[in-house]
Amino acid sequence: GAVVSQHPSWVICKSGTSVKIECRSLDFQATTMFWYRQFPKQSLMLMATSNEGSKATYEQGVEKDKFLINHASLTLSTLTVTSAHPEDSSFYICSAIPGLGLDTQYFGPGTRLTVL
Amino acid sequence: EDKVVQSPLSLVVHEGDTVTLNCSYEVTNFRSLLWYKQEKKAPTFLFMLTSSGIEKKSGRLSSILDKKELFSILNITATQTGDSAIYLCAGFNTNAGKSTFGDGTTLTVKP
Numbered sequence: 002g003a004v005v006s007q008h009p010s011w012v013i014c015k016s017g018t019s020v021k022i023e024c025r026s027l028d029f030q031a032t033t034m035f036w037y038r039q040f041p042k043q044s045l046m047l048m049a050t051s052n053e054g055s056k057a058t059y060e061q062g063v064e065k066d067k068f069l070i071n072h073a074s075l076t077l078s079t080l081t082v083t084s085a086h087p088e089d090s091s092f093y094i095c096s097a098i099p100g101l102g103l104d105t106q107y108f109g110p111g112t113r114l115t116v117l
Numbered sequence: 014e015d016k017v018v019q020s021p022l023s024l025v026v027h028e029g030d031t032v033t034l035n036c037s038y039e040v041t042n043f044r045s046l047l048w049y050k051q052e053k054k055a056p057t058f059l060f061m062l063t064s065s066g067i068e069k070k071s072g073r074l075s076s077i078l079d080k081k082e083l084f085s086i087l088n089i090t091a092t093q094t095g096d097s098a099i100y101l102c103a104g105f106n107t108n109a110g111k112s113t114f115g116d117g118t119t120l121t122v123k124p
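Rendered as structure tokens:
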């Protein structure tokens, strides 16, 4: 149980294009999902907390207009990197908490984004 | 601002060795300390600790929390090459509803 999927697993795009990454909880409902990015040999950097049916809460320094997050249902959150640039190239990981009051996060397999 | 510090940052051992990974935290409204293992992709959950002094165990891995000293350790006995990974700990802030992660300890187990 507690499986989280991400799609796509990797994507290469040209500078200036937008990329959408999907995060799905496959066997549970997730009221809260998190989006992280991770650079090589570095730890997870929380970008935003996504709550179903409400606006995402962004961490300091993360541009909300550049990283659009939508949590339209209890099993799906999307991250759209708008007008991507090479510096946006990174490993993006989502995670979900299977219920209110629970602390354990279940992570998706991640999406490797490369912007040329 | 919540803070989690792990040590050492990296560690190289040989198969069969025992290792201890450290995690100290300063997390307001602290509720739990979580350990994850990250290999090539995303982290996988190992332990969640909420009470001091109660050891959690899973095979060769065990972990314990000290809420007075704001500290946790992860022990791995009889290490195997498959234990090579980045081990992350995180402190959960119940008011903020989110975890703060440490920078991780990169463990390399040589045959």
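Heads up: the protein sequence lines correspond to chains A and B, in order.
Under our numbering, read the first sequence as residues 2 to 117, first letter to last.
Under our numbering, read the second sequence as residues 14 to 124, first letter to last.
Built from N, CA and C at the ideal position, the CB exists for glycine as well.
query: Opposing strand residues paired with B:LEU87 [DSSP bridges]; result: B:LEU34 and B:SER76
query: CB-CB length for A:TYR107 against A:ALA3, believed under 8 Å; result: 4 Å
query: Start and end residues, beta strand (DSSP E) containing B:VAL40; result: Here B:VAL40 belongs to no beta strand (DSSP E), and DSSP marks it neither H nor E.
query: For A:THR112, the three-state DSSP class (helix, strand or coil); result: strand
query: C-alpha distance - A:SER96 paired with B:GLY66, whole-angstrom precision; result: 29 Å
query: Cβ pair count under 8 Å reaching 3, the stretch 41-52 of chain B against the stretch 67-87 of chain A; result: no
query: CB contact below 8 Å: B:SER45 versus chain A; result: yes
query: Beta-carbon proximity of B:PHE114 to A:LEU45, cut-off 8 Å; result: yes
query: A:ALA85 and A:ILE70 closer than 8 Å at C-beta; result: no
query: Neighbour-count burial assignment, A:ILE13, 16 or more Cβ in a 10 Å radius; result: exposed
query: B:THR31 versus B:LEU120: straight-line alpha-carbon distance, rounded; result: 12 Å
query: Other residues of its chain near B:SER71: CB distance less than 8 Å, five sequence neighbours each side excluded; result: LEU59 and PHE60
query: Proximity of A:SER19 and A:VAL5 at Cβ, strictly below 8 Å; result: no
query: Within the stretch 7-86 of chain A, ranges of the beta strand (DSSP E) (whole runs, at least 3 residues); result: 11-14, 20-26, 33-39, 46-52, 68-74 and 77-82
query: Proximity to A:GLN7 [Cα-Cα], best of A:LEU114, A:PRO110, A:THR115 and A:LEU117; result: A:PRO110
query: Any C-beta of chain B under 8 Å from that of A:ILE70; result: no
query: Coarse secondary structure for B:THR94, derived from DSSP in three states; result: helix
query: Neighbour flag for B:GLY111 against chain A, beta carbons, 8 Å; result: The sequence shown places Lys at residue 111 of chain B, rather than the Gly named in the question. Yes, B:LYS111 lies at the interface with chain A (some Cβ there is under 8 Å from its Cβ).
query: A:SER51 at chain B interface by Cβ criterion, 8 Å; result: no
query: C-alpha gap between A:ASP66 and A:ASN52, whole angstroms; result: 17 Å
query: Among A:ARG113, A:SER10 and A:ARG38, nearest to A:VAL63 - alpha-carbon criterion; result: A:ARG38
query: Per DSSP, the bridge partner or partners of B:SER112; result: B:PHE105
query: B:LYS70 - containing beta strand (DSSP E), residue span; result: 69-71
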